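Read through the structure below, which is laid out as structure tokens, and then see the notes.
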Amino acid sequence: MTKRGHREIIVEWLIESVIRLCGISAILFVFGIFFFVFREGGAVLFKDFKFGEFFFSTAWYPSSPSHVRYGTLALLAGTFSVTVLAMVIAIPFGIGAAIFVSEFCGPKLKETLKIVIELLAAIPSVVWGFIGLTVLNPLIIRLFDAPIGLNVLNGGIILALMSVPIIVSIGEDALKAVPDSYREAGLALGATRWQLIYRVLLPAAKNGLLAAGLLGVARAVGETMAVLMATGHAINIPTSLLDPVRTLTATIAAELGEAPVHSDHYRVLFVIGILLFLITTVVNLTADLIVRGVRKK
Amino acid sequence: MIPAPHIEIEGLTVHYGAKPALRGVSFTVQRNEILAIIGPAQSGKTTLLRCLNRTLDHERHARVTGVIKVDNEDIRRTNNVYDLRRRIGMVAPLPVGLPLTIYDNVAFAPRMAGITDRAELEQRVERCLRQAALWDEVKDRLHTLGTKLSGGQQQRLTIARALSHDPEILCLDEFSIAIDPVTTMRIEDVLKELRARMTILLVTNLVQQARRLADRTAFLFNGELVELDATEKIFSETPRDRRTYDYTHGVFG
């Protein structure tokens, strides 16, 4: 074989190996994280762990000297309520904005908007928390005559503001990926702009739009700092939007530093980590199944 | 007396940026006529069709001047462009199956036009699929995705779709590129029947197809209408313009 042929084979092998390594490392990291979290939390999980209390009790007294309780129901309700509110606000706005940017606005406005949206996405979450604390808090107190402005509403709005840029940019990519020939065909059949969007573009881009929504949800579920600052951090099952709550993530952030390493409290916080892991896995799996179901049709 | 023309085009000029695509094209089309438009690539055939249903409006760089009248109404001034498009069926050169089921693809335009009656929709879908010579192949899987069909089937699907809103003008832009010769012949037969009900503009690269179907043929070259005459005249040994002879006889092309 020629010298050149040898070199080609070696270079080819090298490139292939590097790419393979990148792929495998991604899987390894995920398993590594799972392993680590599970190792820290696992010890308490297999030592007469009270699952009933963990899931169905609102009593979270991790450092009580006499009645230690690890009930996460209120924390789950906190995470759930804030996330749902954020998505109710962010998904319509995000998808709507994506449609506007992709289909309606001129090229100059589009560029400007995209830059602004990227800027929004780059604001650190602690800054968002700060805005919740100093801007939304007094506003909510004044508007709703509430005793305190740090609550589900505040956290939901802040999370929505944080998720919208992600939903817009991914949603816009999904719409941009729809071939222009679809638009042309739809228009030629007499569709109005709105009919074109909801009969042709949305069905064609639905996978991408679903992914956009899900990344928004993932961001909202996992967000810690901003909700810690904006939701009031009170263990409470909310009955109205103006009730303060505490989320799973905020609990970990606030208490991990104070829990003695390898104490039960410390380990239960890692169990909460496992729970968050499970929640995101379920969200992703559901989405996957929905997408597959849609495809089958 | 000559009846009023169905389509009247006068001094139609289109620029994409600085580049002209059509230069002052003028002609008329009679009702229920099949007019073939032939010409090499880049001669402005597709642009002409896109002016007619005004989808060129959405092209940012296109500038259009001139007058196009359908039934004596200036369509470039019409305020209901959607209504105009519902009167025109358009078949693109490469099949564009919308990402919907076969049934929904064909029912798309009727639904846009406000037809909701199930029985009527079903009947329409079947009729259009039959006309496009596709019914027998898809009747058992109407509710699967249209984009899963083969290229030729998808092209016939777009023909069915173009017929679905009973257009008065049918524009076919190189419809047979992706279709086998046998099916092409079947669709050509359908076109011959359809001309009793509609005016057909047939853009084609197959000069033989123009010869088989068209009453009159227009030869476009470089955005200029070189010649428009009875099909026999265009394909004869003595068309008026030398370039027409060269093109139809394969001297260049």
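Protein chains in written order, with the numbering used here: chain A, 1 to 297; chain B, 1001 to 1253. Backbone N, C-alpha and C define an ideal beta-carbon position, used for all residues, glycine too. Remember, predicted model here, so these are calculated numbers, not experimental data.
Neighbour list for residue i in chain A, Cβ cutoff strictly below 7 Å
i	result
B/T1055	E184, L187 and A188
B/V1096	S181, Y182 and A185
B/L954	Since the displayed chain B opens at 1001 and closes at 1253, residue 954 of chain B lies outside it and no answer follows.
B/R1086	G190
B/A1109	L189 and G190
B/V1015	At residue 1015 of chain B the sequence reads His, which differs from the Val that was named. Correct list: empty, because the minimum Cβ distance to chain A is about 19 Å.
B/H1249	The premise fails here: B/H1249 is roughly 34 Å from chain A at the closest Cβ pair, so nothing lies under 7 Å.
Cβ separation of residue i and residue j, assumed to be a contact under 8 Å, to the nearest whole Å
i	j	result
B/H1006	B/D1071	7 Å
B/V1091	B/F1175	5 Å
B/I1034	B/L1202	6 Å
A/V245	A/A59	Not quite, the Cβ-Cβ distance comes to about 16 Å (not below 8 Å), so this is no contact.
B/T1144	B/T1101	6 Å
B/G1017	B/H1061	5 Å
A/W276	A/L75	According to the sequence displayed, residue 276 of chain A carries Leu and not Trp. Between A/L75 and A/L276 the Cβ distance is about 10 Å, and since that is not below 8 Å, they are no contact.
A/L202	A/L209	7 Å
B/G1223	B/G1044	4 Å
A/V178	A/A204	5 Å
B/C965	B/L1052	As displayed, chain B neither begins before 1001 nor continues past 1253, which places residue 965 of chain B out of reach and without an answer.
B/T1199	B/I1169	5 Å
A/L153	A/L242	6 Å
A/V82	A/V227	6 Å
A/I166	A/A121	6 Å
B/T1231	B/D1215	6 Å
B/L1048	B/V1067	Not a contact, Cβ separation roughly 14 Å.
A/V72	A/F46	Going by the sequence as given, residue 72 of chain A is Thr instead of Val. Not a contact, Cβ separation roughly 18 Å.
A/G213	A/I91	5 Å
B/N1105	B/G1146	4 Å
A/G309	A/S163	Past the boundaries of the shown model lies residue 309 of chain A; chain A is included only from 1 to 297, so the question cannot be answered.
Amino acids of chain B, ordered along the chain, whose beta-carbon sits closer than 8 Å to that of residue i
i	result
A/A218	Those within 8 Å of A/A218 in chain B number zero; the least Cβ separation is about 26 Å.
A/A204	L1098 and P1099
Neighbouring residues, chain A, relative to residue i (Cβ below 8 Å)
i	result
B/P1181	The premise fails here: B/P1181 is roughly 25 Å from chain A at the closest Cβ pair, so nothing lies under 8 Å.
B/A1113	G190
B/F1219	Near B/F1219 there are no residues of chain A at all, since even the closest Cβ is about 25 Å away, more than 8 Å.
B/H1165	L189 and G190
Neighbour list for residue i in chain A, Cβ cutoff strictly below 9 Å
i	result
B/A1092	S181, E184, A185 and A188
B/R1161	A185 and L189
B/H1061	What B/H1061 touches in chain A: nothing, since even the nearest Cβ is about 11 Å away.
B/Y1082	L187, G190, A191, T192 and Q195
B/H1006	Those within 9 Å of B/H1006 in chain A number zero; the least Cβ separation is about 19 Å.
- Quick one, which residues of the stretch 189-202 of chain A are near chain B if we go by CB-CB under 9 Å, in chain order? L189, G190, A191, T192, Q195, R199 and V200
- According to a CB-to-CB cut-off of less than 7 Å, which residues of the stretch 163-181 of chain A neighbour chain B? S181
- Indicate whether the contact test is met: 3 or more Cβ pairs, each with one atom in the stretch 1213-1229 of chain B and one in the stretch 1237-1244 of chain B, closer than 8 Å. yes
- Query: Is the stretch 155-164 of chain A close to the stretch 118-129 of chain A, with three or more CB pairs under 8 Å?
  - Reply: yes
- For the 8 Å Cβ check, are there 3 or more pairs between the stretch 231-240 of chain A and the stretch 87-103 of chain A? no
- Does the pairing of the stretch 117-124 of chain A with the stretch 186-195 of chain A give three or more beta-carbon distances under 8 Å? no
- Item | Touching by the beta-carbon criterion (3+ pairs, under 8 Å), the stretch 1080-1096 of chain B and the stretch 1171-1190 of chain B | yes
- Item | Three-pair Cβ contact test at 8 Å for the stretch 32-43 of chain A versus the stretch 257-277 of chain A | yes
- Any contact of the stretch 1192-1210 of chain B with the stretch 1037-1049 of chain B, i.e. 3+ C-beta pairs under 8 Å? yes
- Looking at C-beta atoms only, is the number of pairs between the stretch 277-292 of chain A and the stretch 52-69 of chain A that lie closer than 8 Å three or more? no
- Would you call the stretch 215-227 of chain A and the stretch 1122-1139 of chain B touching, i.e. three or more CB-CB distances under 8 Å? no
- Task: Identify every run of the alpha helix (DSSP H) within the stretch 1146-1203 of chain B, keeping only runs that are complete inside it and at least 4 residues long; order them along the chain.
- Result: 1151-1163 and 1181-1194
- At which residue ranges does the stretch 1049-1073 of chain B contain complete alpha helix (DSSP H) runs of 4 or more residues, listed in the order of the chain? none
- At which residue ranges does the stretch 1085-1120 of chain B contain complete beta strand (DSSP E) runs of 3 or more residues, listed in the order of the chain? 1088-1091
- Query: Hey, which unbroken runs of the beta strand (DSSP E) at 3 residues or more fall wholly within the stretch 146-221 of chain A?
  - Reply: none
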